[in-house]
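Here's the structure, in structure tokens; my notes come after.
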Amino acid sequence: MQKSLYAYTLVYDLSRWIKGFDPSALPDWIFEGKEQLSPFLDQAEAILLKGKKVSFNPEQPLALESIFNHLRVEDRSSDQNVAFHSFRPLSIRKEDIFPSEMAQGNYDRLCKDFINDLPLLPGDAATPRIYGESLYYLLKKYTWCIPVGKELPFIQLFEFLKIRAALAICLLVHEEATKKDADLPFLLYCVDQSGIQDFLYNITSNKAAKSLKGRSFYLQLLMESIKQKFFNHPNIPAGMLNVLYASGGKMYFILPNTPAVNEVLTGIERTLIEKLYKTHKTEIYLATGRLPFGWDGRQFYLEDRQDPKTIGDLWKELSDVTRKNANQPFRSVFEQQFNDFFRANPDDGFDTSSGIKKVCAVTGETISIADEKDRDLLAMHDMAWHPANEEEEESIWVTAPVKRQVELGYQLQWSGYYKVFYEDKIISRGHRKRLFSPLELDVYHGMAEEKNITDEYGQYQDLPSFNFAIVQRINDPDKFLPDDRQNMPAGKRSAYGFTFYGGNRQAYFKDIWEKARNPRKAVKDFSQLAGLLSEEDKHKGFHRLGVLRMDVDGLGNIFTSGLSDISYLPAYATLSAELDLFFSGYINTIRKDITNGEDHLNIIYSGGDDVFAVGRWDVALAFAERVRTEFRVFVNGREDISISAGLALVGPKFPIAKAAQLAGEAEDMAKDFKKSNSRVPKNAIVLFDMAISWEGEFDQVKELKNEMVALIRSKTLSAGFLQRMRVFQMTKDLHLKDLSKAKEKDLSFLWTSAYYISRYQGRFKKEARQAPIQIFLEKVKLAFFTALENEGRFFDLIAVAARWAELEIRATEQDNND
0 MQKSLYAYTL VYDLSRWIKG FDPSALPDWI FEGKEQLSPF LDQAEAILLK GKKVSFNPEQ
60 PLALESIFNH LRVEDRSSDQ NVAFHSFRPL SIRKEDIFPS EMAQGNYDRL CKDFINDLPL
120 LPGDAATPRI YGESLYYLLK KYTWCIPVGK ELPFIQLFEF LKIRAALAIC LLVHEEATKK
180 DADLPFLLYC VDQSGIQDFL YNITSNKAAK SLKGRSFYLQ LLMESIKQKF FNHPNIPAGM
240 LNVLYASGGK MYFILPNTPA VNEVLTGIER TLIEKLYKTH KTEIYLATGR LPFGWDGRQF
300 YLEDRQDPKT IGDLWKELSD VTRKNANQPF RSVFEQQFND FFRANPDDGF DTSSGIKKVC
360 AVTGETISIA DEKDRDLLAM HDMAWHPANE EEEESIWVTA PVKRQVELGY QLQWSGYYKV
420 FYEDKIISRG HRKRLFSPLE LDVYHGMAEE KNITDEYGQY QDLPSFNFAI VQRINDPDKF
480 LPDDRQNMPA GKRSAYGFTF YGGNRQAYFK DIWEKARNPR KAVKDFSQLA GLLSEEDKHK
540 GFHRLGVLRM DVDGLGNIFT SGLSDISYLP AYATLSAELD LFFSGYINTI RKDITNGEDH
600 LNIIYSGGDD VFAVGRWDVA LAFAERVRTE FRVFVNGRED ISISAGLALV GPKFPIAKAA
660 QLAGEAEDMA KDFKKSNSRV PKNAIVLFDM AISWEGEFDQ VKELKNEMVA LIRSKTLSAG
720 FLQRMRVFQM TKDLHLKDLS KAKEKDLSFL WTSAYYISRY QGRFKKEARQ APIQIFLEKV
780 KLAFFTALEN EGRFFDLIAV AARWAELEIR ATEQDNND
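Numbering that gives the first Met the number 0 applies: residue 0 is where the sequence shown begins, and numbers increase by one.
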């Protein structure tokens, strides 16, 4: 099948939704397959909507409803008012993408801007893929906020158009391949990248911690390479429109279920596993799953045709198949290379080879080299910021792949564009050295700075290396398409698009970058993130890193059962797109706002529904709070679609692998939490080894902390009060632990603590009853007296608040002394 047909599948009957759209304004060549494809597009729409007819009136447009209003969680539906997305182009700005009670924006302007941008699309009949992929992103930018119809107002038009096109192509290809009516024409295909956490966190030397961002982005490029490997194969008639979802280390495709496609998938899978093992051993592995299915006009079915299936059933079946395969990740490699794994070592485990021995500071691999100039091993230097430390720098040895990952992180920091080349044969040898090719899959990636992409491409525009690529704007759909088709910076044979990536910007020293343009010295290391900028800083203040891990609670159950009332394939794709928009796109807006120009936080990884960030402890905590607050607004106030977090506070020199483990354990503790008198489990953050519910408790703790900090700074409350609150909490735990054993309940801790507060109040007899100290102490005393009504929970909350207040006061000592 010709890929020139893709563009037509995307714009088929688009005038139903886009006011003023005239198909005749499009190039004639995209309609060459019209007669062939139109029946399959109609059939695909019937399958997607399960026979339901949808209507949309461009003269009276309806806004897209938030899909989170329509999810069922633990068999509960939303109790919130319906929220609507605005008629605005896609971006990572809150005002453009967050739902609200009243839709904003202008539908007519949206349609007009889309129509005006159509002539800017690059490509022609000789380069249909370039035109088709650019059209794909243009549609995504403008139609993400339009509903497919008033009958299904929660499904994004873009996701509907994309999947309808994919299903139509599957039907056509299956019929051409089998020469008969479709039986199981569709193939759901999953690629799951496992081992992400170990790959990111297991760094043996904190001196190499700056490699974290590059290693994280490397995983993104690896998945992109795998995706392009599929698309580039001539026997897989697929493109971006076949991707249901790709984020967070997972990709879901819908492909034609033909012998040729399955054969190619098997071959590529084998190649990927072998190359992964060769490059990363067992550190990273891929699990794949396939699920053929069909539609009989009323319901979905699998090969056995036993029971009708919903989309949720298909999703669960595919997840089960993929999970089963994940339990035997390198089986094919072991079978083929059995002797290599288990042959006897002639040296009995001792390395007697001559040469220099070095250990990779990231992977811990031992490397033997003839001399330190070996070109296969590259040294990077400890990138200490302070000039006085330059003479003390030691070489940090890393393998060549790790060195490339470090460079990748630096390039990402300063880049506004990310390129993926379609074909390796058109890339010059000299240019290839500046590109990245994970696993050497013949898929090449490059980065370009935002301000010089025009100069760079203008100078070399006629070189083949700069064409036959898709140039993606990072986190900025607004400007992804050049506004002059005759003067396109990357050439007329390059497609244009955009991508969301969480954490493309790292904390850095702006003055150093502006003066020296040296990314190695400008990017902050862990000590600098924690606020240690000089030797003097070690002796004042409180300098700790906050290592944060967060993810959405019960997301797997939401996908398998939460859409039972709206079981349409585009609804699943819409939900996936919304989550990706928040965790890969908007998360960057949160980081920018929360750092407030001080740059003390790095998002190491964010995608799917996971976040891993490292920063100064108070900034990391503020970031966690902001993510939770914004996510709750994004899901239209639903408390039962929650996010849990674990925050570990460690010293800057503490091993990052161990810190990530501690944060993970804290996150698990948060997910085991159940607040009394709440219908929502989990939904918590673990702070100072204590789980605190986001629902009410965190705000209470923060308020108590703020009151204590203010009173101590005004010299009204003593620092010893904070320690006493923590002692009371430990006493409470001991008493409650022994209550079940004792014949008589000992509740003396209740009035002992309240008595302490009464005594403390005696110091302020001259203070008015409405004085802040009097109000605060009276509130605490009453809470102690009545704490048993909630299993003594107030003791826990004020202890956490006291610890938080103590650290905040210590941290600000530095600022006060400067």
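Built from N, CA and C at the ideal position, the CB exists for glycine as well. Here the structure is a predicted model, which means the values were calculated and not measured.
Reduced DSSP category for residue i - H, G, I as helix; E, B as strand; rest coil
{"i": "V779", "result": "helix"}
{"i": "S414", "result": "strand"}
{"i": "F653", "result": "coil"}
{"i": "G584", "result": "helix"}
{"i": "D795", "result": "helix"}
{"i": "N326", "result": "coil"}
{"i": "F499", "result": "coil"}
{"i": "P291", "result": "strand"}
{"i": "T270", "result": "helix"}
{"i": "A387", "result": "At A387, the pLDDT of 32 sits below 50, so the modelled position is not reliable; the number obtained from the coordinates is stated separately. Correct three-state label for A387: helix."}
{"i": "H734", "result": "helix"}
{"i": "Y244", "result": "strand"}
{"i": "E448", "result": "strand"}
{"i": "L13", "result": "helix"}
{"i": "Q35", "result": "helix"}
{"i": "G553", "result": "coil"}
{"i": "Q505", "result": "coil"}
{"i": "Q305", "result": "coil"}
Rounded C-alpha distance that separates residue i from residue j
{"i": "D124", "j": "A43", "result": "The amino acid occupying residue 124 in the given sequence is Ala; Asp does not appear at that position. Roughly 26 Å separates the two Cα atoms."}
{"i": "P233", "j": "E577", "result": "32 Å"}
{"i": "V649", "j": "L544", "result": "5 Å"}
{"i": "P118", "j": "G148", "result": "27 Å"}
{"i": "K357", "j": "T203", "result": "13 Å"}
{"i": "N821", "j": "K323", "result": "Residue 821 cannot be examined here, being either before or after the span of the chain that is shown, 0 to 817."}
{"i": "N326", "j": "G719", "result": "54 Å"}
{"i": "H734", "j": "E790", "result": "11 Å"}
{"i": "F562", "j": "D41", "result": "The residue asked about is misnamed: residue 562 is Leu in this sequence, not Phe. Cα to Cα, the separation comes out at about 24 Å."}
{"i": "G19", "j": "P328", "result": "52 Å"}
Opposing strand residues paired with residue i [DSSP bridges]
{"i": "A144", "result": "For the record, residue 144 in the displayed sequence is Cys; it is not Ala. Per DSSP, none; premise fails for C144."}
{"i": "D191", "result": "K249, A286"}
{"i": "L151", "result": "G148"}
{"i": "D745", "result": "Partner(s): none; D745 has no beta bridge."}
{"i": "K228", "result": "K228 is not bridged to any residue."}
{"i": "Y300", "result": "G293"}
{"i": "Y130", "result": "None, per the DSSP bridge assignment."}
{"i": "A690", "result": "V685"}
{"i": "R615", "result": "L544"}
CB of residue i within 8 Å of CB of residue j, strictly
{"i": "Q404", "j": "Y217", "result": "yes"}
{"i": "F198", "j": "I283", "result": "yes"}
{"i": "G419", "j": "A468", "result": "For the sequence presented, residue 419 should be read as Val rather than Gly. Cβ distance < 8 Å, so V419 and A468 count as in contact."}
{"i": "I589", "j": "R548", "result": "no"}
{"i": "F784", "j": "A810", "result": "no"}
{"i": "A6", "j": "L187", "result": "no"}
{"i": "M724", "j": "I797", "result": "yes"}
{"i": "L438", "j": "L275", "result": "yes"}
{"i": "S65", "j": "A82", "result": "yes"}
{"i": "S643", "j": "G501", "result": "no"}
{"i": "S677", "j": "E694", "result": "yes"}
{"i": "T137", "j": "L160", "result": "Note that residue 137 is Leu in the sequence shown, not Thr. No, the pair does not count as a contact, with Cβ atoms beyond the cut-off."}
{"i": "F479", "j": "G584", "result": "no"}
{"i": "N601", "j": "A506", "result": "yes"}
{"i": "F581", "j": "F630", "result": "yes"}
{"i": "F672", "j": "K681", "result": "yes"}
{"i": "E158", "j": "G238", "result": "no"}
Chain C within 8 Å of residue i, Cβ atoms only
{"i": "V613", "result": "This model lacks chain C altogether; it includes just one protein chain."}
Residue environment, residue i, which counts as buried when at least 16 other CB atoms sit within 10 Å
{"i": "S757", "result": "exposed"}
{"i": "R472", "result": "buried"}
{"i": "D639", "result": "buried"}
{"i": "V522", "result": "buried"}
{"i": "V700", "result": "buried"}
{"i": "R762", "result": "exposed"}
{"i": "Q722", "result": "exposed"}
{"i": "S675", "result": "exposed"}
{"i": "Q192", "result": "buried"}
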